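K.L.:
My questions will all concern the structure given below.
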């Protein structure tokens with residue numbers, strides 16, 4: 001009975017935590033339309049998995065373990081990829097019309113504004129997060145219902161399973177409320193980091209499903225085995241698997257995939273400067289300053305203008321114009337090293 005309770009707890013956490021954090025992500029962005037879309041997508045995915053599980057349980061054919069592993073593996077990988085894309089999108093800094101990047105402090109806020117326009121991606125992410133573990137939970141649920149409805153069966157396993165799922169729902173609700181209590185400037189960062197950790201666990205678990213389903217060339221040996229220290233029948237083992245996607249005996253490829261996903265993603269997301277076209281933005285700013293300095297020097301009557309006031313010598317004016325352009329190009333090259341170089345280049349022509 002205790003194992004059945006842990007099964008319900010683990011399945012509920014795996015299916016609900018990512019969806020709850022995505023909902024909190026949408027809620028803190030202030031997009032009510034995205035919130036309703038995420039809720040509807042999560043509910044639709046849960047109902048779809050329940051319907052699919054009932055067909056497999058009561059229908060003439062059942063899902064083989066290999067097919068279940070391939071199905072769950074691909075769903076987990078797709079969900080992990082979409083979670084990473086949604087989270088890292090918030091770190092892309094906005095750009096003004098001049099092509100310059102805004103201050104790093106406003107990069108995350110602008111990314112949240114971008115998520116407001118892409119609530120379809122949030123809804124899809126939540127649906128995949130629910131589906132990747134929802135089928136396993138649905139199959140276990142319907143098998144318990146079938147056993148309880150049998151004349152010689154007992155409703156004890158079904159009751160314990162529902163109790164485990166209810167506990168998971170309460171934990172997910174508590175996490176969601178905690179995410180909403182953090183102020184906006186911190187909540188986006190904390191929720192995003194938590195989503196990346198969960199996504200890395202989903203990715204590693206999906207790879208493990210595919211390996212055990214013989215989708216690759218055989219099942220490789222485990223890199224290490226913590227099954228004795230963290231048994232599957234323990235409550236903390238169920239929490240680690242449900243929250244972090246922890247596996248006590250992962251393969252070397254699972255560990256590699258987990259690290260290659262999580263470390264760069266966290267480094268990009270938690271970096272103090274957003275990524276995007278920042279280098280190009282600086283070059284555009286330098287070009288614009290140099291060009292404006294050259295135009296100011298070529299205007300008649302401007303300070304430092306090289307055009308003679310007595311109107312003589314078109315060739316001299318052309319030569320002076322060439323000097324102005326050369327000086328403007330030099331100022332553009334020095335703009336990255338000396339902030340005031342372009343102004344001196346424009347005023348130093350007589």
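Residue numbers (the working numbering): 1 to 350. By construction, the Cβ of each residue, glycine as well, lies at the ideal position given by its N, Cα and C atoms. Predicted model, so just to flag it, every value in this text is computed and none were measured.
#1: Taking all protein chains shown into account, do 16 or more other C-beta atoms lie within 10 angstroms of the C-beta of residue 263, making it buried, or fewer, making it exposed?
#2: Cβ of residue 175 within 8 Å of Cβ of residue 15?
#3: Applying the 10 Å Cβ sphere with the 16-neighbour rule, what's the burial state of residue 133?
#4: Residue 87 lies in the alpha helix (DSSP H); which residues open and close that run?
#5: Can you tell me where the alpha helix (DSSP H) holding residue 353 begins and where it ends?
#6: Three or more C-beta pairs under 8 Å: does that hold for the stretch 153–166 against the stretch 70–89?
#7: I need the straight-line Cα distance from residue 12 to residue 140, nearest angstrom please.
#8: If I measure Cβ to Cβ from residue 195 and keep anything under 6 Å in the same chain, skipping five residues before and after, which residues do I get?
#9: Which one of 236, 135 and 265 has the shortest CA to CA distance from residue 5?
#10: Output the distance between the C-alpha atoms of residue 261 and residue 254, rounded to the nearest integer angstrom.
#11: What separation, rounded to the nearest whole angstrom, lies between the Cα atoms of residue 9 and residue 62?
#12: Do you know how far the Cα of residue 201 is from the Cα of residue 39?
#13: Rounded to whole angstroms, what is the Cα-Cα separation between residue 135 and residue 143?
#14: Along the alpha helix (DSSP H) that carries residue 182, what are the first and last residues, could you check?
#15: State the Cα-Cα distance for the pair residue 256 and residue 42, rounded to the nearest angstrom.
#16: Are the beta-carbon atoms of residue 363 and residue 80 separated by less than 8 Å?
#17: Could you compute how far the alpha carbon of residue 66 sits from the alpha carbon of residue 173?
#18: Could you please give the first and the last residue of the uninterrupted alpha helix (DSSP H) stretch that includes residue 60?
#19: As a quick exercise: from 58, 124 and 190, pick the residue whose alpha carbon is nearest that of residue 138.
#20: Let me check understanding here. Comparing Cα to Cα, which of 248, 26 and 238 lies closest to residue 208?
#21: Are there any heavy atoms of the ligand ATP lying less than 7 Å away from the beta-carbon of residue 237, as far as the coordinates show?
#22: Are the beta-carbon atoms of residue 190 and residue 197 separated by less than 8 Å?
#23: Use the C-beta contact count for residue 267: other C-beta atoms within 10 angstroms, 16 or more gives buried, fewer gives exposed.
#24: Out of curiosity, what's the CA-to-CA distance linking residue 17 and residue 250?
#25: Roughly how many angstroms separate the alpha carbons of residue 54 and residue 186, rounded to a whole number?
#26: Here's the rule: buried if 16 or more other CB atoms are within 10 angstroms of the residue's CB, otherwise exposed. What is residue 105?
#27: Terminal residues of the continuous alpha helix (DSSP H) containing residue 230?
#28: Roughly how far, in whole angstroms, is the beta-carbon of residue 26 from the beta-carbon of residue 122, given that I think they are within contact range, below 8 Å?
#29: Note the first and the last residue of the continuous alpha helix (DSSP H) segment covering residue 242.
P.N.:
In terms of the structure at hand:
#1: Translated into the one-based positions of the chain shown, residue 263 becomes position 263. By the 10 Å Cβ count, residue 263 comes out exposed.
#2: By one-based count along the chain shown, residue 175 stands at place 175. By one-based count along the chain shown, residue 15 stands at place 15. In this structure, the beta-carbon distance from residue 175 to residue 15 does not fall below 8 Å.
#3: To locate residue 133, count along the chain shown from 1; it is residue 133. Buried, because 16 or more other Cβ atoms sit within 10 Å of the Cβ of residue 133.
#4: Within the chain shown, residue 87 is the residue found at index 87, counting from 1. Start and end: 65–89.
#5: Residue 353 lies beyond the residue range present for the chain, which begins at 1 and ends at 350; the question has no answer from this structure.
#6: no
#7: Position 12 of the chain shown, counted from the first residue, corresponds to residue 12. Position 140 of the chain shown, counted from the first residue, corresponds to residue 140. Between residue 12 and residue 140, the C-alpha separation is close to 12 Å.
#8: Numbered from its first residue, the chain shown carries residue 195 at position 195. So the list reads 21, 83 and 87, once near-sequence residues are dropped.
#9: As a first step, residue 5 must be located in the chain shown, where it is residue number 5. For residue 5, the nearest C-alpha among the options comes from 236.
#10: Locating residue 261 in the chain shown gives position 261, where the first residue counts as 1. Locating residue 254 in the chain shown gives position 254, where the first residue counts as 1. Going by C-alpha positions, residue 261 is about 11 Å away from residue 254.
#11: Residue mapping note: residue 9 aligns to position 9 of the chain shown, counting from 1. Residue mapping note: residue 62 aligns to position 62 of the chain shown, counting from 1. Each residue's alpha carbon lies about 24 Å from the other.
#12: Locating residue 39 in the chain shown gives position 39, counting from the first residue. Locating residue 201 in the chain shown gives position 201, counting from the first residue. Taking the straight line from one Cα to the other gives about 23 Å.
#13: Translated into the one-based positions of the chain shown, residue 135 becomes position 135. Translated into the one-based positions of the chain shown, residue 143 becomes position 143. So the two alpha carbons sit approximately 12 Å from each other.
#14: To locate residue 182, count along the chain shown from 1; it is residue 182. Taken as a continuous stretch (DSSP letters only), residue 182 belongs to no alpha helix (DSSP H), as it is neither H nor E.
#15: In the chain shown, the residue the question calls residue 256 occupies position 256. In the chain shown, the residue the question calls residue 42 occupies position 42. Residue 256 and residue 42: Cα-Cα distance of roughly 30 Å.
#16: Only positions 1 to 350 of the chain appear in this structure, which leaves residue 363 out of reach.
#17: Translated into the one-based positions of the chain shown, residue 66 becomes position 66. Translated into the one-based positions of the chain shown, residue 173 becomes position 173. Cα to Cα, residue 66 sits roughly 33 Å from residue 173.
#18: Along the chain shown, read from residue 1 onward, the residue named residue 60 stands at position 60. Residue 60 -> no alpha helix (DSSP H), and no H or E assigned at all.
#19: Within the chain shown, numbered from 1, the residue matching residue 138 stands at position 138. Comparing Cα-Cα distances from residue 138 to each of 58, 124 and 190, the minimum goes to 58.
#20: By one-based count along the chain shown, residue 208 stands at place 208. Comparing Cα-Cα distances from residue 208 to each of 248, 26 and 238, the minimum goes to 248.
#21: Ligands displayed in this structure: none; no statement on the ligand ATP is therefore possible.
#22: The count along the chain shown starts at 1 and reaches residue 190 at position 190. The count along the chain shown starts at 1 and reaches residue 197 at position 197. In this structure, residue 197 does not lie closer than 8 Å to residue 190 by Cβ.
#23: On the chain shown, residue 267 is found 267 positions in, with the first residue counted as 1. Counting Cβ neighbours within 10 Å, residue 267 comes out exposed, since fewer than 16 surround it.
#24: Taking the first residue of the chain shown as 1, we reach residue 17 at position 17. Taking the first residue of the chain shown as 1, we reach residue 250 at position 250. So the two alpha carbons sit approximately 22 Å from each other.
#25: Position 54 of the chain shown holds residue 54. Position 186 of the chain shown holds residue 186. If I take the Cα positions, the gap works out to 42 Å.
#26: Residue mapping note: residue 105 aligns to position 105 of the chain shown, counting from 1. A caution first: residue 105 carries a pLDDT of 43, below 50, which makes its placement in the model too unreliable to give a value.
#27: One-based indexing of the chain shown puts residue 230 at position 230. Neither: residue 230 is in no alpha helix (DSSP H) and is coded neither H nor E.
#28: Position 26 of the chain shown, counted from the first residue, corresponds to residue 26. Position 122 of the chain shown, counted from the first residue, corresponds to residue 122. Going by Cβ atoms, the distance from residue 26 to residue 122 rounds to 5 Å, so yes, they are a contact pair.
#29: Working through the chain shown from its first residue, we reach residue 242 at position 242. Segment 235–244, the alpha helix (DSSP H) holding residue 242.
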